[in-house]
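Going by full-length UniProt numbering, the sequence shown opens with residue 1, and the numbers climb by one from there.
Think of the CB as a built atom: it goes at the ideal place given N, C-alpha and C, for glycine as much as any other residue.
Below: one structure, written as structure tokens.
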Amino acid sequence: MDEDSVELASSSAQLSDRGRANAARALTSSQHQQIGRLPFQAASRLLSSPLLSSAAHPHATLPPGTMADLPPDLFDQTTIISLLATVAIVLAAYLASKSVLPASTSGTLRFLFIWHLADALCHFILEGSFLYHCFFSWVAPGADADTARLFPTPSNFLGREDQRIYGPQSGGDNPFAQLWMVYARADKRWAGIDLGVVSLELLTVFFDGPVALYICYLISRGSPRAHFWMVVLATAELYGGFMTFCPEWLTGNVNLDGSNFMYMWVYLVFFNCLWVVIPLYAMWYSYCQISSAFSALAAKKSN
1 MDEDSVELAS
11 SSAQLSDRGR
21 ANAARALTSS
31 QHQQIGRLPF
41 QAASRLLSSP
51 LLSSAAHPHA
61 TLPPGTMADL
71 PPDLFDQTTI
81 ISLLATVAIV
91 LAAYLASKSV
101 LPASTSGTLR
111 FLFIWHLADA
121 LCHFILEGSF
131 LYHCFFSWVA
141 PGADADTARL
151 FPTPSNFLGR
161 EDQRIYGPQS
171 GGDNPFAQLW
181 MVYARADKRW
191 AGIDLGVVSL
201 ELLTVFFDGP
211 VALYICYLIS
221 RGSPRAHFWM
231 VVLATAELYG
241 GFMTFCPEWL
251 TGNVNLDGSN
261 FMYMWVYLVF
271 FNCLWVVIPL
281 YAMWYSYCQI
291 SSAFSALAAK
301 KSN
């Protein structure tokens, strides 16, 4: 082959390479423009297509937290209903405060009334439903092909040795079971039976719930006894939160999933920190009120 032929072949190859590169860039640009118009799941599939993958573009990687990293059920109907249920509980507590508390009630006490009533409703309705499924919802091994992927039930739970699998994961289409399965995406212990969690929930439902209701009653009556019981309940809430997560911290958070904003900052951080920050505030407020009362009593005696 002479020099002219070699040069001609080389030029043709370069033009062909540039043509393919331009076509790939045009197609990539077209796909990116479509993402804004496609539904969430379709956009996720498009972002994971071969053309946009790291294999096709070894020097272009998608940063963590992009849509491709998000689970497709992050904002499904069950999730939205679950979040709205918590809003409905708070709204019900607020409306109850408007009808029960005198107009002269201070803003702080009104806030604490709303908090403790919402707290009681969460314990009775939501966490009560969790305990129900822990004790009464079960599937037998082998009855479902997916049982191997369920959160295991401890041996001899409830004195049974037949290896039943309990918890919301066995609740089927029950709305409360589905609600807990939404939260279990971030902390899978709540899908089944974790003995530490179940033990704490027994304390929460049968002690914390009634005490929270009693506090609401005392606040509505203007009784100073509410301050003592707020300190008691806040201590129990803080203890429960610590004992819920300390086992995970000691074992490397093996049951927690903080892979996206929703799981990490909404489910695990925001919702759980509510039961840290507000009990601490209630404890501080009650401490100040009790201290002021004793100071006034001491000043009265000295006179």
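- Per the coordinates, the alpha-carbon of E161 lies some 10 Å from the alpha-carbon of P154.
- Distance from the CA atom of Y281 to the CA atom of N174, rounded to whole angstroms, is 36 Å.
- Cβ atoms of G209 and H123 come within 8 Å of each other, at about 4 Å.
- Along the length of the stretch 122 to 168, whole alpha helix (DSSP H) runs at least 4 residues long occupy 128 to 136, reported in chain order.
- Annotation for M181: P168, Q169, A191 place their beta carbon closer than 7 Å to its own, counting only its chain and skipping 5 residues before and after.
- Of all alpha-carbon atoms in F176, A103, R221, M243, the one lying nearest the alpha-carbon of S199 is that of M243.
- Here D119 carries a helix assignment [DSSP, helix/strand/coil].
- Note that the C-beta distance between E248 and P279 is not below 9 Å.
- Between the C-alpha atoms of D257 and F206 there is a straight-line separation of about 29 Å.
- Judged by their CB atoms, L101 and R110 are nearer to each other than the 9 Å cut-off.
- The beta-bridge partner set that DSSP reports for D187 consists of L256.
- Secondary structure note for N272: its alpha helix (DSSP H) is the uninterrupted segment 271 to 302.
- Burial state of D187 is buried, judged by a 10 Å Cβ sphere holding 16 or more other Cβ atoms.
- No Cβ-Cβ contact shorter than 9 Å links F261 with T86.
- For V197, the enclosing alpha helix (DSSP H) begins and ends at 195 to 203.
- According to the DSSP assignment, F242 belongs to the alpha helix (DSSP H) that extends over 225 to 250.
- Assignment of L101 by DSSP, reduced to helix, strand and coil, places it in the coil class.
- One alpha carbon belongs to F228, the other to I81, and they sit about 36 Å apart.
- With 16 or more other CB atoms across the displayed protein chains lying within 10 angstroms of its CB, W275 is buried.
- For the options T108, A92, A148, the alpha carbon positioned closest to that of I125 is the one of A92.
- The beta carbon of L202 lies closer than 8 Å to those of L131 in the same chain, with the five residues before and after it left out.
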